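Before any comments, here is the structure.
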Amino acid sequence: MDSKLLDILACPVCKGPLQWHRDVPCLVCRADRLAFPVRDDIPVMLEEEARKLGMDDPLLRD
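Residues in the sequence shown are numbered from -12 upward in steps of one, following this note's numbering.
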């Protein structure tokens, strides 16, 4: 993920910061516990496409 793109992207729900997870590939909003998929190096920033994360999901660590 391009670091410049990551700097300007925000969660579409709360406008908060996102964390890039290379292994999964997704962008995670810790505040809303949502994981937005990245397909073909393009972030899909739609709330209905996001996966809801449980409190103990490993993507929320770090």
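We put the beta carbon where it would ideally sit given N, CA and C, even for glycine. Nothing here was measured: the structure is a model prediction, and the numbers come from that model.
Handout entry: leucine -8: first and last residue of the uninterrupted alpha helix (DSSP H) it sits in
Key = -10 to -5
Practice task
Taking only the alpha-carbon atoms, compute the straight-line gap between lysine 39 and leucine -4 and give it to the nearest angstrom.
Solution key: 19 Å
Practice task
Can you tell me which of the three DSSP states proline 24 falls into?
Solution key: strand
Handout entry: Test item: CB-CB of glycine 3 and alanine 18 under 9 Å
Key = yes
Exercise for the section: Please report the Cβ distance between leucine -7 and arginine 20, rounded to the nearest whole angstrom; I am assuming they are in contact, meaning their Cβ atoms lie under 8 Å. Expected result: The Cβ separation is near 19 Å, so there is no contact.
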